[in-house]
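Right, one structure below, let's go through it.
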Amino acid sequence: MQRSASTTENELLAIVFALDKFRSYLLGSKIVVFSDHAALKHLLSKKESKPRLIRWILLLQEFDLTIKDRKGSENLVADHLSRLIREEDDKPICDTFLGQRLFKMQGMVPWYSVIVNYFIAHTLPTDLSRAQKDKVKSEAKYYVWDDPYLWRFCSDQVVRHCVPNDEHNSVLTFCYNFACGGHFRPKRTARKVLDCGLYWKTLFKDAYEFCKKCNKCQRTETLSHRNEMPQTPILIVEIFDVWGIDFMGPFPSSCGFSYILLAMDYVSKCVEAKATRTNDSVVVISFVKFHIFNRFGVPRAIISGQESHSAIA
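All residue numbers for the sequence shown refer to this note's numbering, where the first residue is 210 and numbers rise by one.
So, in structure tokens, the structure goes:
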């Protein structure tokens, strides 16, 4: 609302504001505005108007707009909304910020804050030694401040964007884990970051620490001699050389049978099974003799549990 404008002009301004805000939805549609201010129609047809009103009328001409009169008693909703008292905060806005405080508001001071302050205010922190100040001044010639970004001229004649501290991890994640990555070595990952036009001082060190902590790489990479398990020769076993044997049950009795005696070859996974009435060693010996020895030959080893009924004499 403009304090120097009349009531009629303020109502016209409200129409202009609403149509401009919802312009993408209203273009090409027929618009009807109901108003209890009859002078509003006269204002649109007035030939000699203020430059401000002429600009508003020109803005309204791109819409298919019709203004109709409505009595105040029939326009209660809009009339009530226009009389609502808006509670405003009278607390003055403090717009005076020191350059040093702006970085504090971001939560983390960028690593290049000293260089940026040197470019903007031509000052250096008082706690720096003379050698440190000379180092900052000598390094500043490789940087360019283009508000709000800092750029660096690198040794390969490429200008790269300086990345703040809070974005280092996301950049390394993108260049290491995502589709453009590939879980390469730290040096290769750092080169990918540089190829993307990004730079920070501790890039290669951070890339090494980031790659070292990758969970997937730790699970799949080649183990060092210090961490690998002791090597043992591979046991060469032919088919039907080693059998495993054990009982299953007891089960609910079926025709007097309560157990199942199972034997499985360790190489071929061939299974032999027989239903038995008991689970003693006599049954085991008979099963091994007629179902394994006679059919597959004498094995080199039979592996069974420690139960007494599994003992084969």
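Glycine included, every Cβ here is placed at the ideal spot set by N, Cα and C.
All values reported here derive from a predicted model rather than from experimental measurement.
- For the stretch 324-355, the full-length alpha helix (DSSP H) segments reaching 4 residues or more read 339-349 along the chain.
- The criterion of a C-beta distance shorter than 9 Å is not satisfied by Phe496 and Ile448.
- Counted as a single uninterrupted DSSP element, the stretch harbouring Phe419 is not any beta strand (DSSP E) but the alpha helix (DSSP H) occupying residues 412-421.
- When the alpha-carbon of Pro357 is set against those of Asp365, Cys384, Thr332, Phe328, the nearest one is in Phe328.
- In this structure, the beta-carbon distance from Val368 to Val380 does not fall below 9 Å.
- Taking 9 Å as the cut-off, the beta carbon of Trp320 is found closer than this to the beta carbon of Thr411.
- In the assembly as shown, Tyr385 is a buried residue. Its beta-carbon has 16 or more other beta-carbons within 10 Å.
- A distance below 6 Å between beta-carbons, with the five flanking residues on each side excluded, links Phe505 to the following residues of its chain, in chain order: Phe449.
- Here Tyr351 is exposed. Its C-beta has fewer than 16 other C-beta atoms within 10 Å.
- Counted as a single uninterrupted DSSP element, the beta strand (DSSP E) harbouring Lys483 occupies residues 480-485.
- Ile263 sits in a helix when the DSSP states are folded into three classes.
- Each of Cys464, Pro461, Arg486, Val493 was checked against the Cα of Ala472, and the nearest Cα belongs to Val493.
- Exposure of Ile443 is indicated by the presence of fewer than 16 other C-beta atoms within 10 angstroms of its C-beta.
- The distance from the Cβ of Leu470 to that of Thr485 is about 5 Å, consistent with a contact at the 8 Å cut-off.
- If you draw a straight line from the Cα of Thr332 to the Cα of Glu218, it is about 52 Å long.
- Between the stretch 390-401 and the stretch 338-348, the count of C-beta pairs closer than 8 Å stays below three; the two stretches do not touch.
- One alpha carbon belongs to Phe413, the other to Lys422, and they sit about 15 Å apart.
- Going by beta carbons, Cys363 and Pro395 fall outside the 9 Å limit.
- The DSSP-derived three-state label of Ser233 is helix.
- Spatial neighbours of Gly406 in its own chain (CB-CB distance under 7 Å, excluding positions within 5 residues in sequence) are listed in chain order as Arg369, His370.
- Measuring C-alpha to C-alpha distances from Arg232 to each of Glu271, Leu221, Arg361, Phe456 identifies Glu271 as the nearest.
- Arg279 is bridged by DSSP to nothing; it lacks a bridge partner.
- Annotation: the continuous alpha helix (DSSP H) that includes Phe383 extends over 377-385.
- Separation of Arg279 and Arg264 (C-alpha to C-alpha, rounded to the nearest whole angstrom) is 26 Å.
- By a beta-carbon distance limit of 8 Å, Phe226 does not contact Lys277. Their separation comes to about 19 Å.
- Counting other Cβ atoms within 10 Å of its Cβ, Ala340 stays below 16 and is therefore classed as exposed.
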